[in-house]
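Protein sequences appear in the order of chains A and B. Numbers in this note's numbering are just positions in the first sequence, counted from 1, shifted up by 25. Numbers in this note's numbering are just positions in the second sequence, counted from 1, shifted up by 25. No residue lacks a Cβ here, since even glycine has one placed at the ideal position from N, Cα and C. In what follows, a single structure is set out as structure tokens and then discussed.
Number of protein chains: 2
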Amino acid sequence: MLLPQTAEYALRAMAQLATLPEGEPVRTADLARLAGIPESYLSKIMRRLVSEGLLTSERGHGGGFKLRHSPEKVRFIDILRALDVDLEENRCAFGWDQCSDSHPCVLHPAFVQLKEAHLAWATRTTLASLAAKRRVETKKKKEG
Amino acid sequence: MLLPQTAEYALRAMAQLATLPEGEPVRTADLARLAGIPESYLSKIMRRLVSEGLLTSERGHGGGFKLRHSPEKVRFIDILRALDVDLEENRCAFGWDQCSDSHPCVLHPAFVQLKEAHLAWATRTTLASLAAKRRVETKKKKEG
DNA sequence: AACTCAGCGGACTTGACTATCCATTGAGGT
DNA sequence: ACCTCAATGGATAGTCAAGTCCGCTGAGTT
Chain A
26 MLLPQTAEYA LRAMAQLATL PEGEPVRTAD LARLAGIPES YLSKIMRRLV SEGLLTSERG
86 HGGGFKLRHS PEKVRFIDIL RALDVDLEEN RCAFGWDQCS DSHPCVLHPA FVQLKEAHLA
146 WATRTTLASL AAKRRVETKK KKEG
Chain B
26 MLLPQTAEYA LRAMAQLATL PEGEPVRTAD LARLAGIPES YLSKIMRRLV SEGLLTSERG
86 HGGGFKLRHS PEKVRFIDIL RALDVDLEEN RCAFGWDQCS DSHPCVLHPA FVQLKEAHLA
146 WATRTTLASL AAKRRVETKK KKEG
């Protein structure tokens with residue numbers, strides 16, 4: 026698993042929300058069904074995303090969740106951070122207290138590469154870019 | 026954590042082994058101290074690496090572990106595979122049964138990118154490349 | 001006012017990963 | 001032969017993410 030299950034669920038839910046028409050709030054139950062996530066667990070994740078400022082919620086009849094910001098503004102790293110997935114962690118892969126570019130452990134350069142690849146991906150990918158890429162791929166398929 | 030703890034320990038141990046002089050076997054206790062890994066747990070990991078063909082072991086007085094292959098031949102992906110870390114998993118990030126480039130789910134293109142970055146990293150990084158990169162960085166440091 | 005709906009919050013359970021411990025086996029040293 | 005060393009294998013225990021449950025709160029409907 027490249028990302029914790031909880032983080033993957035959050036990305037799914039946010040991505041699904043971005044594809045649905047704006048305006049009316051979406052219920053957890055519907056989102057859970059659409060994105061294949063256990064409903065009761067998704068409920069916890071949604072609350073987390075609300076408290077971290079990524080979603081807004083409305084209670085009672087006709088309630089549900091909406092994206093707080095437009096899809097172009099929501100990067101994957103913002104979603105991951107909201108769930109405490111720290112892609113910038115500086116913990117040395119060798120367990121050293123003092124490990125840096127100038128005092129590298131044996132694994133340092135290799136792990137820096139992997140970490141930077143992750144970070145670059147999470148920074149450049151937004152909810153809006155998903156839909157765009159999907160359009161491109163579908164077009165390719167039709168042309169091919 | 027980018028990789029499971031067990032996998033990280035294995036990479037540490039293998040990397041440490043690659044930096045030590047060849048010829049005489051290294052004891053688990055020494056490796057555990059050098060790489061900061063709980064000794065009893067490392068013991069299990071070493072056995073696994075032996076049974077997967079990455080290490081050879083000698084018992085009794087003067088015994089320990091040696092790399093089975095030269096460092097240039099040992100890619101990170103080989104070590105990860107030995108511990109059942111599957112970087113090529115094709116499980117759809119959306120939980121779909123049928124998810125592919127031609128029938129992508131919303132997250133498909135994004136996750137393919139991340140997966141390929143991981144795979145490329147683990148395929149191109151070998152135990153030998155670690156030492157090489159470290160030399161380059163140390164040189165940079167002296168020059169800078 | 002009573003009812004239903006849907007988010008909220010916390011307690012609880014489960015299972016996989018991590019880690020420890022100990023008795024056993026095989027090899028060398030005395 | 002006997003002792004010590006170090007890997008082996010299995011049993012055991014701890015930890016944390018993942019998932020479930022249930023009562024509560026606030027909003028709309030009748």
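Taking C-beta atoms under 8 Å as the contact rule, V131/B and T44/A qualify, at a distance of about 6 Å. Taking a cut-off of 8 Å on C-beta distances, the region 31-47 of chain A touches the region 58-76 of chain A, as three or more cross pairs fall below it.
Nearest CB-CB separation between L67/B and chain A: not below the 8 Å threshold.
Residues are counted here when their Cβ sits less than 9 Å from a Cβ of chain B; for the region 124-148 of chain A these are D126, S127, H128, P129, C130, V131, L132, H133, P134, A135, F136, Q138, L139, K140, A142, H143, A145, W146, A147, given in chain order. Contact annotation for R106/A against chain B: no contact, minimum CB-CB distance about 16 Å [criterion: below 7 Å]. Partner residues in the beta bridge of G89/B, as assigned by DSSP, are E83/B. Within the DSSP bridge table, the entry for R100/B names T151/B as partners. In the three-state reduction of the DSSP assignment, V110/B falls in the coil class. Classified as exposed, M26/A has fewer than 16 neighbouring CB atoms from the shown chains inside 10 Å of its CB. DSSP, reduced to helix, strand and coil, places V137/A within a helical segment of the structure shown.
At a C-beta separation below 9 Å, T31/B has no neighbours in chain A, since its nearest C-beta there lies roughly 13 Å away. Just so you know, the alpha carbons of T148/A and L105/A end up roughly 10 Å apart. Excluding the 5 residues flanking it on each side, V110/A has same chain C-beta neighbours closer than 8 Å at L28, P29, A32, in chain order. Using a CB distance cut-off of 8 Å, L74/B does not count as an interface residue toward chain A. The beta carbons of F101/A and P50/A sit about 23 Å from each other, so the pair does not count as a contact at 8 Å.
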